[in-house]
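Protein sequence lines, in the order shown, are assigned to chains A and B.
For the first sequence, this note's numbering begins at 1 and goes up steadily by one.
For the second sequence, this note's numbering begins at 214 and goes up steadily by one.
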Amino acid sequence: MTVKRFCFECNGIRKKTLDTYTDVTYNEHMDRASHILENPVAIVGFRQIQITGSACVSLTVAFLRRVLVGDARPAAWVLREGIVPFAPDLIDTGVRPERLLYLRAEDEARADKAADTVLRSGQFSCLVYELPGTTSPEPGVVSRFMHLCRRNRSTMVLIGADHRIPTVATAAVHLDTDVEYAPERQLIRIVVRRSRIPLADCEVPAYGPDHLY
Amino acid sequence: MARIICIRIPNFGLQVLRRRTRVEETVPLITVRDDRPAARVTACNAAATMLGVRPGMRYAQALSLDYSIRAGVVTTHERDREMDELERIILGVVPQVERSRFEEGVFWIPAAGLDRHVAGVYGEGRSLSLIIAERIEAAGRRVFVAAGQSRVAPAVATALEEEIDFDRFDDEWEWLLHRPLRALPIPPEDGERMRFLGLRVIGDLLRLPEGQLRRRMSGRTAGIYRFLQEERRLPVYHHSTPRSFFREYRFEHRITSTERLLERIEPLLADLRDEAAAAALWIGAVTITIRGDMESPWRQRITGGSATRDLAFLRRLVALRLESHAPGSEELTAMRVEIDCIPGTEQQGELISRETGAQPIDRRRLDDAILTLQAELGNHALLRLLPGDDVVPERRLRPVPIDTGRDLLWSAGVDSPPPVDGVRRVRLIGIPDGAGEAPPTGGVRRSGIATVLREWGPFLLSSRWWTGGEIERIYRYRLSTDGTLFWEYTSPGGRGGTGPDARPARRRRVYLQGRVA
């Protein structure tokens, strides 16, 4: 097993730009992180990516962008808490929101069933599956999903965190990422933390001239 | 819910010695490394401790405190045999167990997902920890059991004989950081050094840089340190032992028909499938052996290419094989159905796909999937984000329930490159009022030449804003030299429908949709 660790800090803080879209830049650090993700997926054929940590959404969206660029099929996102990722940041990151289907599942059984339907259809390039909190999925269930992913050449991203921040904003991001690259387990497990934004009781950082969000 | 159960046999060597010598608890008993007076004492029971014996003393020293002390050496062979015996007891309850590589007599059991198994086998309300503890105690061993979210915290809890009950991994880890270092199996020499350095609790150890630790401490302590660091991340467990199950059936009346044979195989397959599912395993191959009047048994091994628990799929596989390779017209007397199971995570290794590249889209299948999801989750549960007309950027994308799968393919095939910098001039065409059906943003736009510094896109394409024909528009944001951010689109031309795109365009035109406030 190889464990790669890297840590980035984004020094350029975006200054109240979202209201005018004048200085929106794609976060290159996120791009680097997702590139590391992409390589094993493309070369070895990893079909399971587990991303945890409070800022897991950021890396997930960055990865989604890469998947959607290379695949004409849309992607699906199974929401567990009903919080849609911060939409303007989706555009900033380069994800076309029209190609992303959000599924609101009320309980675990429905989420599993929805994920099964999505993967079985073979018409989705990627499935983002939110886990409640930091729980780990049942190995048998995940294994079944892996089978479907392989058959239909889809990718499954499992994300989970206690205090998940739904925004993928590139401002004030401290990306502290541990990549566990375990070929023998066919698994990539990544922890993404965000340090400058208070994690507890914080869903969306306040920014902009009127501090709307 | 607990994910890992730790089982600790306290004073493992002493318990092995006591079982061998069959002495009472009240007799002072110690284990020594070698059978000689200068050998070190490795463990002592409560009675010996009362007499003043401590681990690390020489055997002669201990004997000088009280001549009634009894001592013995526990060989590696004895320890291994005891560990095997304990593992056998635990595997009688759960499908998987892991030995600690740092301490003897410590086992970990991944308990996630075993609730249903326990409830089904031992009844509702029974705790898995309690069931295992009862089994081990019934076999004459003392045992401490704790359950937690990782391997290290329950192990520390059992070493300190404390109880833990945390639902969150972070809370458990916080508890762990304040536990004393003596709970870890650190060699005594390293323990002394740590006391000298002022390290008292586990959190102190983890704050130490790994390089420093390696220079100052032994390799065993460095290994424990690395183990703790790995456990800080959430552990993922996988099964490691493939298993197989079988059922045998003897026909009351000899049969010759393949249909009759298939009828007999089906219930056996269902039974085996349930057994595999209860053990959290997947069926990789089915082997059918039939005996009868033939010279040698008819034997077929059937693999479906991937592991499964789908009974209908298995039944079809067997039927196909029987159609092509019938056992013959001889009379059949007995059969044996055996399944080879593959653990889930190992199965992932088999399922690696080296094929990359885009998959073609089947619109009918996509529509079917959307319809199925709507039926399962409800119409309101399927959403996509569409551009809205609000002035606040955050609200420009609004969630809209999806109708069909085609809604998701509107922008297929268009790449989304990063922003492009560079000065260039773009002719913008304003949309006059009343030109077709107005888009949501509405209003008159000014035509003219704009000098563009930077542009983003294409990332927004028109969706079903307009009723009637299918219109595709490639949208971009363009920043002009005077700081205005235009929101415009390029007409691909010749698409038909209503609005500005109604007539075919000879060349692409850039239409001004609006300005970002």
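Quick reminder that beta carbons are idealized off the backbone N, C-alpha and C, glycines included.
Whose C-beta lies closer than 6 Å to the C-beta of residue i among residues of the same chain, with five residues either side of it excluded?
i	result
L373(B)	A396
V118(A)	A76, F124, L127
I501(B)	Q513, V550
R271(B)	A251
M548(B)	Y462, I503
L621(B)	none
I'd like the list of long-range same chain contacts for residue i, defined as Cβ closer than 7 Å, with 5 residues on each side in sequence excluded.
i	result
L641(B)	S660, G661, A663, F699, E701, V723, L725
V141(A)	D112
I302(B)	R348, I349, A352
T255(B)	G226, T244, V245, R246, P268
R637(B)	V665
A324(B)	A215, R216, I217, I218, L341, A360
Would residue i be called buried (16 or more neighbouring beta carbons within 10 Å of its own) or exposed?
i	result
A352(B)	exposed
S537(B)	exposed
F357(B)	buried
Q228(B)	buried
Q309(B)	buried
H391(B)	exposed
P401(B)	exposed
R150(A)	buried
Y280(B)	exposed
E295(B)	buried
A247(B)	It is worth fixing the name first, because residue 247(B) is Asp in this sequence and not Ala. By the neighbour-count rule (16 or more Cβ atoms within 10 Å), D247(B) is not buried but exposed.
R314(B)	exposed
P367(B)	buried
F225(B)	buried
H466(B)	exposed
D533(B)	Just to set this straight, residue 533(B) is Leu in the shown sequence, not Asp. Looking at its Cβ environment, which holds fewer than 16 other Cβ atoms inside 10 Å, L533(B) is exposed.
E559(B)	Reliability of the predicted coordinates at E559(B) is poor, the pLDDT of 34 falling under 50, and no value is obtained from them.
S121(A)	buried
A588(B)	exposed
N152(A)	buried
Interface residues of chain B around residue i at Cβ under 9 Å?
i	result
V229(A)	No information on residue 229(A) is available, as it lies outside the stretch 1 to 213 that chain A covers here.
Find the residues of chain A that neighbour residue i, judging by a C-beta separation of less than 7 Å, and give them in chain order.
i	result
R578(B)	S121, G122, Q123
I574(B)	A72, R73, Q123
E668(B)	In chain order: nothing, as chain A lies at least about 11 Å away.
I615(B)	L101
E589(B)	R110, K113, A114, T117
Just the chain B side, please: which residues come within less than 8 Å of residue i by C-beta, in chain order?
i	result
V84(A)	L596, L598, P612
For residue i, which option in the options has the closest C-alpha, if you only look at C-alpha atoms?
i	options	result
G436(B)	P398(B), R406(B), W388(B), M407(B)	P398(B)
G285(B)	L304(B), R529(B), M407(B), C257(B)	C257(B)
G416(B)	P393(B), T371(B), R429(B)	P393(B)
L343(B)	A588(B), V307(B), R314(B)	V307(B)
V240(B)	D247(B), A252(B), T262(B)	T262(B)
E387(B)	M407(B), R408(B), V414(B)	V414(B)
C554(B)	E668(B), P323(B), W511(B), I515(B)	I515(B)
L278(B)	G265(B), A588(B), R691(B)	G265(B)
F382(B)	E444(B), G432(B), A539(B)	E444(B)
D575(B)	L595(B), A594(B), T617(B)	T617(B)
F458(B)	I552(B), R477(B), P510(B), R408(B)	I552(B)
V95(A)	L101(A), L64(A), E81(A)	L64(A)
A109(A)	N152(A), L100(A), R80(A)	R80(A)
A582(B)	L599(B), L598(B), I615(B), R611(B)	I615(B)
Identify the contact partners of residue i in chain A, using a Cβ-Cβ distance below 9 Å as the criterion.
i	result
L530(B)	The contacting residues do not exist; L530(B) stays about 15 Å from chain A at best.
G661(B)	Chain A residues near G661(B): none, gap ~20 Å exceeds 9 Å.
Check whether chain C comes within 8 Å of residue i, counting only Cβ atoms and requiring the distance to be less than that.
i	result
L621(B)	Looking at the structure shown, chain C is missing, and the protein chains on hand are A and B.
Could you pull out every residue in the same chain whose Cβ sits closer than 8 Å to the Cβ of residue i, ignoring the five residues on either side in sequence?
i	result
V385(B)	Position check: residue 385(B) holds Glu in this sequence, whereas Val was assumed. The answer, listed in chain order, is G361, Q362, S363, A366, I377, F379.
Y21(A)	Summary for Y21(A): the model assigns pLDDT 26, below 50, so the residue's position carries little reliability, and this model does not support an answer.
V531(B)	L475, I478, L482, V499, I501, I515
D484(B)	R460
To be precise: take each residue of the segment 101-115 of chain A, compare its Cβ to all Cβ atoms of chain B, and keep it if any distance is under 7 Å. Which residues remain?
Listed by position, the residues of the segment 101-115 of chain A near chain B (Cβ gap below 7 Å) are L101, Y102, L103, R104, A105, R110, K113, A114.
For the segment 288-308 of chain B, which residues have a CB atom closer than 8 Å to at least one CB atom of chain A, in sequence order?
The residues in question: there are none.
Going along the chain, which residues of the segment 55-82 of chain A sit with their C-beta nearer than 8 Å to a C-beta in chain B?
From the segment 55-82 of chain A, only R65, L68, V69, G70, D71, A72, R73, P74 have a Cβ closer than 8 Å to chain B.
Please name the residues in the segment 416-445 of chain B whose beta-carbon is closer than 8 Å to at least one beta-carbon of chain A, in chain order.
Those residues of the segment 416-445 of chain B that come within reach of chain A (Cβ to Cβ, closer than 8 Å) do not exist; the list is empty.
In the segment 391-420 of chain B, which residues sit with their C-beta less than 9 Å from some C-beta in chain A, listed in chain order?
Taking 9 Å as the upper bound on Cβ-Cβ separation, chain A lies near no residue of the segment 391-420 of chain B.
Against chain A, which members of the segment 346-378 of chain B pass a CB distance test of less than 9 Å?
Under the 9 Å Cβ criterion, the segment 346-378 of chain B contributes Q362.
Please identify, using Cβ separations under 8 Å, the residues of the segment 245-278 of chain B that lie next to chain A, in order along the chain.
Residues passing the 8 Å Cβ filter: none.
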